[in-house]
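These notes are about the structure you will find just below.
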């Protein structure tokens, strides 16, 4: 079992930027702010992974998702394999030869986009590359989170290191050095249409590599890019033929956010199973419907995993045992309790599909044109973000639905007509105290927003570049709204965990099972539990931190029957 917190973010949101960090900032920093920390592969399906101390080596193999999380979120160092640099140098030789050819070659001796037929004389090509980057670094709005920018940097570096882009080795080395120095270019919220890739965000990175624009240094201070490079001993790049295009044509931003979201959603789905177990237990529902033979009649893999978690978390519960058998007059529980594995499991299966698409994208060298293995320089459409955009939208739907069923379980716990003997709103003195009434309002408000965020961005193409780029993916926008949705899911689950914990207290002298009791004890470290009304928001934020950091899921797993 892991001992490092799988936090959902690395830094605070800036000026309203969508954020999945929540209160998990301190946990993220505590898990590894700047060392050689690599999240290991999660084999449990929980989203909670181990860590190692090795550097991430980029070469001629795809990165692992956990390596992306390690570099982006935990500051792991990167290295470039010598064989990769050799391949980069080999492909650059071809670009140099084409640059000397009197015939035009797109991106090498021509303009870009709608200006692809305009030949550029050799003496103007350095200016061409600089102009491309400057003009495309046109983001606006709040700053994007540090972990997203680092993922963007790393994934572009991975493609550069394949040797399929035609850049010089010094470009690869410069991007690696910037990552290792903690230099994080300032990237703005708006600007990418997801085709040709994440042009504007990637251009902000390229601009910083040339010593222009502003960045955050390793301490987080906003400084001039040239000064930051000089302080780190990095020479600013002077871009040559093809290099400007190679630095800005890619799906790296949307892919980076997808990988971070998958990592976080996996953990939150385990937390959703914990929260559901607490609701089932505290509302005197039955665990019989989660039996393995019943689940096997519908062999959906995610459903089976979630049902197994519910059995695991409810095992040995005296509360569940207290009403089991013929004396229990309840025939069937409400859907929000009985169908938890079906909903949570469908979300798990969606994550598996998204992870498959992400793994394929990690194995890609996205650029236009590309240098093929047999030595051609070929235009292509691989920069279109549709595959990534679709699954980002799909995940937003799943996130909204898991939050929705969680909010319904919370609502049931507060209603004396449905909670089987608990006081209204779990209040201490009914009529004087409001209990958790407004906590449920907060959950309902978030769920309502998550439904809006589930509206697909990928169907909203809008033409650009004088109709040359007449169909775009909007993948960056899909990723931005998913980040906000993931944070919302964590907060809705936190409210259910807080509610379930208080409800279990009110069932005394009956005792909960080992796993749910451990989670209730964890909640008690930030919440006063049952009692007269008090300032509730800090307690809600404290439980949200425990959820978003992965502590709730980890505590339940470590104290469950299968541990």
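In the numbering used here, the protein residues as written are 1 to 563. Even glycine gets a Cβ: it sits at the ideal position worked out from N, Cα and C.
Requested in this report: Output the residue ranges of the alpha helix (DSSP H) runs that lie fully inside the stretch 210-298 and measure 4 residues or longer, sorted by chain position.
Outcome: Within the stretch 210-298, the complete alpha helix (DSSP H) runs of at least 4 residues are 225-231, 243-248, 252-282, 292-296.
**Report entry** Backbone secondary structure at residue 142 - three-state DSSP
**Finding:** Reduced to three states, the DSSP call for residue 142 is strand.
Query - Beta-carbon contacts of residue 400 that lie in its chain and below 6 Å, excluding the five residues immediately before and after - result: 450, 451, 454
Requested in this report: Can you tell me the Cβ-Cβ gap for residue 337 and residue 280, rounded? I've got them flagged as a contact below 8 Å.
Outcome: 5 Å
Query raised in the report: What number of angstroms, rounded off, separates the C-alpha of residue 369 from the C-alpha of residue 247?
Result: 12 Å
Query raised in the report: Taking the DSSP output, what are the residues bridged to residue 190?
Result: 140
Query raised in the report: Does the count of Cβ pairs from the stretch 190-204 and the stretch 175-182 closer than 8 Å reach three?
Result: no
Requested in this report: Using the DSSP secondary-structure output, state which residues sit across from residue 185 in a beta bridge.
Outcome: 215
Query raised in the report: Count the other CB atoms within 10 Å of the CB of residue 467; is the residue buried (16 or more) or exposed (fewer)?
Result: exposed
Requested in this report: Return the Cβ separation of residue 499 and residue 413 in integer angstroms, given the expectation that the two are a contact with Cβ distance under 8 Å.
Outcome: The pair is a contact, with the Cβ atoms about 5 Å apart (cut-off 8 Å).
Query - CA-to-CA distance, residue 489 to residue 95, given in whole angstroms - result: 48 Å
Query raised in the report: For the alpha helix (DSSP H) that residue 123 lies in, which residues bound it at each end?
Result: Counting along the chain, residue 123 falls outside any alpha helix (DSSP H), and DSSP gives it neither H nor E.
Query - residue 58 - containing beta strand (DSSP E), residue span - result: Looking at the DSSP string, the run of the beta strand (DSSP E) that includes residue 58 is 56-58.
Requested in this report: Report the rounded CA-to-CA distance for residue 307 versus residue 497, giving the unit in angstroms.
Outcome: 18 Å
**Report entry** Cβ-Cβ separation, residue 259 to residue 358 (assumed contact under 8 Å), whole Å
**Finding:** Right, their Cβ atoms sit about 6 Å apart.
Query raised in the report: Assuming residue 560 contacts residue 312 under a Cβ cut-off of 8 Å, what Cβ separation, rounded to an integer in Å, is found between them?
Result: 5 Å
Query raised in the report: Excluding the five sequence neighbours on either side, which residues of its own chain have a C-beta within less than 6 Å of the C-beta of residue 191, listed in chain order?
Result: 138, 139, 200
Query - Residues that DSSP places opposite residue 87 in a beta bridge - result: DSSP, once it has assigned bridges, lists no residue as partnering residue 87.
Requested in this report: Return the Cβ separation of residue 267 and residue 516 in integer angstroms, given the expectation that the two are a contact with Cβ distance under 8 Å.
Outcome: With a Cβ gap of about 18 Å, residue 267 and residue 516 do not count as contacting.
Query raised in the report: Of the residues 82, 389, 444, 385, which one's Cα is nearest the Cα of residue 411?
Result: 444
Report task. Using the Cα positions of residue 538 and residue 428, report the straight-line distance between them to the nearest angstrom. Result -> 19 Å
Requested in this report: With a cut-off of 8 Å on the beta carbons, I'd call residue 214 and residue 239 a contact; round off their distance for me.
Outcome: Not really, about 19 Å apart at Cβ, beyond 8 Å.
Query - Of the residues 216, 164, 237, the one placed nearest residue 129, counting alpha carbons only - result: 237
Requested in this report: Alpha carbon to alpha carbon, how far is residue 294 from residue 356? Give it in angstroms, no decimals.
Outcome: Inter-residue distance for residue 356 and residue 294 is about 28 Å (C-alpha atoms, whole angstroms).
Query raised in the report: Under the rule that 16 or more other beta-carbon atoms within 10 Å means buried, what is residue 419, buried or exposed?
Result: buried
Query - the stretch 519-529 in contact with the stretch 461-475 per 3-pair CB rule at 8 Å - result: no
Query raised in the report: Does the beta carbon of residue 247 come closer than 8 Å to any beta carbon on chain C?
Result: No chain C appears in the structure shown, which is made up of a single protein chain.
Query raised in the report: Between 183, 159, 187, which lies nearest to residue 142 when the distance is taken from Cα to Cα?
Result: 187
Query raised in the report: Three or more beta-carbon pairs under 8 Å between the stretch 155-170 and the stretch 51-71, yes or no?
Result: yes
Requested in this report: For the beta strand (DSSP E) containing residue 551, list its first residue and its last residue.
Outcome: Per DSSP, residue 551 is not a residue of any beta strand (DSSP E); the alpha helix (DSSP H) it occupies stretches across 551-558.
Query raised in the report: If you draw a straight line from the alpha carbon of residue 540 to that of residue 92, how long is it in whole angstroms?
Result: 55 Å
Query raised in the report: Just checking my contact of residue 482 with residue 392 at CB under 8 Å: how many whole Å lie between their CB atoms?
Result: 5 Å
Query raised in the report: Quick one: what's got a C-beta closer than 7 Å to residue 104's C-beta in the same chain, skipping five residues either side?
Result: 110, 119
Requested in this report: Report all residues from its chain with a CB closer than 6 Å to the CB of residue 179; omit the five preceding and five following residues, and keep chain order.
Outcome: Annotation for residue 179: 78, 153 place their beta carbon closer than 6 Å to its own, counting only its chain and skipping 5 residues before and after.
Query raised in the report: Which of the three DSSP states, helix, strand or coil, is assigned to residue 336?
Result: helix
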